[in-house]
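Here it is as structure tokens:
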């Protein structure tokens, strides 16, 4: 059963640029915050994954589409959903909205590597959690 | 005749994260710097485009693939090439390298809008320059 | 009666650097988020100040001391207090803590300017709110 | 004999905010880039300092004054000068200008720590270089 994760972000000055809107790279920060919060909600954290499982989650690709600009002092909702999992990678769909309006949507592929950057299998503890929410 | 534009960036502390590598969103900053430098090399700038032509260039989509991590104090080269132009959008291929090694590559679609965010045709002055380098 | 405002921030990858700690410039982002939240808690916001009162709040100086490094996945508390107000400027003391440990403290002087950047008096609506919390 | 170090930065979209000017925290990035370039000009780098001398340079305090706003597409010059050195810390004066106009000036105190964050003496190789430029 697919589960959607919701994370909210507020737009501060730091997020905007001289065009008066959120700078396009900063949406990737929001996506990463939302993904980190999913990890926390599963009872895990990145530090524990590294210390106990010698595993880092890294982004392999990010395909983001910008639909509408977000603005200073907006409150955005990031809706994240696991789309695919294999033994070594997983794919997330992340949609950024302001109320019901889509600001941006992204497909992000993530892989797990060890502390030397070598690809490794997704740790069992993470894989098990993922299987419950896909 | 396709022309490649080269822009170099040095990796400072601000670009890296606690994983010891360049933070994934920051590559989009490098891509934008490289695109701005192309605009400058064509004798234009973003301020002039807005003031004289009521035009802003905005990113419509960015599909970026992360191949190898860049590290603190690396010097990276961004190789940018115009792939497609229409009357209202253009597509760039941007490849980030450390020496001959590909760090990341991206396909970025850009559109032109007016100061109200409404899509407009690419200004003639820009379109003419673009046609010389594709 | 002096009032302390509390704002919490969580440390994500974007906030850290290759030294494994929060990058020194990023604390200024947290301070600004905390100050924005104070403005909101007073029933105001930066957009309204600009639209209704032709006023922007800008930082005139920031004297920040770094006591201990904050780390990835820390939760920090920013304790902000108004120290001084005049007709054209105000001074805040902002202390960043992890539990009871001081990470950093800052004295920030802010002034109000109009949309052309010219110094103006603090709008009455803001001044009145400030007088209640100092 | 005091020596001034010059570093130039160009203002890209990433550096600005919705107020149309450079975001106040981002000046600290420019200051850090300028300081890194001084280290490089002395034939050293941060990686070597850590590997060969188990030393990291960290900021202890930063007192920055904002005089004029810098804007999108400005080119700024950072003029850095060593003011004081002791066995465990050094102080720099860093002035950011647009042409002859002062945008911002800062006094930054830096200390050296080992990989565990414990204060250590400035490595001899760095101290000797510093003594030549103060």
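Chains as they are written, first to last, in my numbering: chain Z, 129 to 262; chain R, 129 to 262; chain D, 129 to 262; chain L, 129 to 262.
Idealized CB from N, CA, C, for every residue including glycine.
If you're wondering where the values come from, they're calculated on a predicted model, not measured in any experiment.
- Report the option in Z:186, Z:206, Z:142, Z:199 whose CA atom is closest to the CA atom of residue 225 (chain Z). Closest option to residue 225 (chain Z), Cα to Cα, is Z:206.
- Task: Could you name the residues of chain Z that residue 144 (chain L) contacts, counting a contact when the two beta carbons are closer than 7 angstroms?
- Result: Ordered by position in chain Z, the residues that pass the 7 angstroms Cβ test against residue 144 (chain L) are 145, 146.
- Where residue 161 (chain Z) meets chain D, residues with beta-carbon distance less than 7 angstroms: Those within 7 angstroms of residue 161 (chain Z) in chain D are 140.
- Message: In this structure, how does DSSP classify residue 184 (chain R) when only helix, strand and coil are distinguished?
- Response: Residue state, collapsed to three classes: strand.
- Would you check if the distance between the CB atom of residue 208 (chain R) and the CB atom of residue 153 (chain R) is smaller than 7 angstroms? No, Cβ-Cβ distance for residue 208 (chain R) and residue 153 (chain R) is not below 7 angstroms.
- Message: Looking at the strands, I want to know which residues DSSP matches up with residue 218 (chain D).
- Response: D:213, D:238.
- Interface residues of the segment 188-200 of chain R facing chain Z [CB-CB below 7 angstroms]: Under the 7 angstroms Cβ criterion, the segment 188-200 of chain R contributes 188, 189, 190, 191, 192, 193, 194, 197.
- Message: I'd like to know if residue 173 (chain Z) contacts chain D, where contact means its C-beta is closer than 7 angstroms to some C-beta of that chain.
- Response: For residue 173 (chain Z), the closest Cβ of chain D is nearer than 7 angstroms.
- Taking the Cβ atom as the reference point for each residue, do residue 166 (chain R) and residue 198 (chain R) lie within a distance shorter than 7 angstroms? No.
- Query: Going along chain R in order, which residues have a C-beta closer than 7 angstroms to the C-beta of residue 184 (chain Z)?
  - Reply: Correct list: 147.
- Of all the options R:202, R:133, R:249, R:256, which has the alpha carbon lying nearest to the alpha carbon of residue 168 (chain L)? Nearest of R:202, R:133, R:249, R:256 to residue 168 (chain L), Cα basis: R:202.
- Message: So, at 6 angstroms on beta carbons, what are the nonlocal neighbours of residue 257 (chain D) in its own chain, with the 5 sequence-adjacent residues on each side left out?
- Response: Spatial neighbours of residue 257 (chain D) in its own chain (CB-CB distance under 6 angstroms, excluding positions within 5 residues in sequence) are listed in chain order as 170.
- In this structure, does DSSP put residue 252 (chain L) in helix, strand or coil? In the structure shown, the three-state DSSP call for residue 252 (chain L) is helix.
- Query: Does the beta carbon of residue 157 (chain L) come closer than 7 angstroms to any beta carbon on chain R?
  - Reply: Residue 157 (chain L) counts as touching chain R.
- Classify residue 184 (chain L) as buried or exposed, calling it buried when 16 or more other Cβ atoms lie within 10 Å of its own Cβ. Per the 10 Å Cβ criterion, buried.
- Task: Just the chain L side, please: which residues come within less than 7 angstroms of residue 242 (chain D) by C-beta, in chain order?
- Result: By Cβ distance, chain L contributes nothing, its closest Cβ being about 12 angstroms from residue 242 (chain D), past 7 angstroms.
- Cβ of residue 234 (chain D) within 7 angstroms of any chain L Cβ: No - not a single Cβ of chain L is within 7 angstroms of the one on residue 234 (chain D).
- residue 134 (chain D) - containing beta strand (DSSP E), residue span: Residue 134 (chain D): member of the beta strand (DSSP E) spanning 132-138, first to last residue.
- Please determine, among L:148, L:137, L:146, L:215, the residue with the shortest C-alpha to C-alpha distance to residue 157 (chain L). Here the closest residue by C-alpha is L:137.
- From this set, L:174, L:150, L:146, which residue's C-alpha is nearest residue 240 (chain L)'s C-alpha? Closest by alpha carbon: L:174.
- Message: On the CB-based measure, 16 or more other CB atoms within 10 Å of its CB, does residue 134 (chain Z) come out buried or exposed?
- Response: Exposed: under 16 other Cβ atoms inside 10 Å.
- Compute the Euclidean distance between the alpha carbons of residue 228 (chain D) and residue 249 (chain Z), then round it to the nearest angstrom. A direct Cα-to-Cα measurement between residue 228 (chain D) and residue 249 (chain Z) gives close to 39 angstroms.
- Task: Report yes or no: is there a C-beta of chain L within less than 7 angstroms of the C-beta of residue 152 (chain D)?
- Result: It does: the Cβ of residue 152 (chain D) has a partner Cβ on chain L nearer than 7 angstroms.
- Message: Along the chain, where does the alpha helix (DSSP H) containing residue 228 (chain L) start, and where does it finish?
- Response: DSSP places residue 228 (chain L) outside any alpha helix (DSSP H), giving it a letter other than H or E.
- Could you have a look at residue 204 (chain D) and say whether DSSP puts it in helix, strand or coil? In this structure, residue 204 (chain D) counts as strand in the three-state DSSP scheme.
- Query: Using a Cβ-Cβ distance under 7 angstroms, would residue 214 (chain D) count as near chain Z?
  - Reply: Not one chain Z Cβ lies under 7 angstroms of residue 214 (chain D).
- Starting from the Cα of residue 244 (chain Z), find the closest Cα among R:190, R:193, R:148 and give me that residue. Of the listed residues, the one whose Cα sits closest to residue 244 (chain Z) is R:148.
- Query: So which of R:164, R:172, R:204, R:195 has the shortest CA-CA distance to residue 143 (chain R)?
  - Reply: Nearest C-alpha to residue 143 (chain R): R:204.
- To the nearest angstrom, how far is it from the Cα of residue 214 (chain Z) to the Cα of residue 251 (chain Z)? Distance between the alpha carbons of residue 214 (chain Z) and residue 251 (chain Z): 12 angstroms.
- Contacts around residue 131 (chain D), its chain only, beta-carbon distance under 7 angstroms, and the 5 residues preceding and following it disregarded: Within its own chain, the residues whose Cβ lies closer than 7 angstroms to the Cβ of residue 131 (chain D), once the five positions on either side in sequence are excluded, are 261, listed in chain order.
- Where residue 246 (chain L) falls, given that 16 or more other Cβ within 10 Å makes a residue buried: A residue is called buried once 16 or more other Cβ atoms fall within 10 Å of its Cβ, and residue 246 (chain L), having fewer, is exposed.
- Task: Verify the contact flag: residue 199 (chain R), CB atom, against every heavy atom of the ligand SAH, threshold strictly below 6 angstroms.
- Result: No copy of the ligand SAH occurs in the structure displayed, which carries no ligand at all.
- Does the beta-carbon of residue 259 (chain L) have 16 or more other beta-carbons within 10 angstroms, so that it is buried, or is it exposed? So residue 259 (chain L) counts as exposed.
- Answer yes or no: do residue 216 (chain R) and residue 194 (chain Z) have a C-beta to C-beta separation smaller than 7 angstroms? Not in contact: residue 216 (chain R) and residue 194 (chain Z) (Cβ atoms no closer than 7 angstroms).
- Message: Once the 5 residues before and after residue 233 (chain R) are set aside, which same chain residues still bring their CB inside 6 angstroms of it?
- Response: Cβ within range, chain order: 193, 223.
- Query: Which residue or residues does DSSP assign as beta-bridge partners of residue 191 (chain Z)?
  - Reply: Z:235, R:191, per the DSSP bridge assignment.
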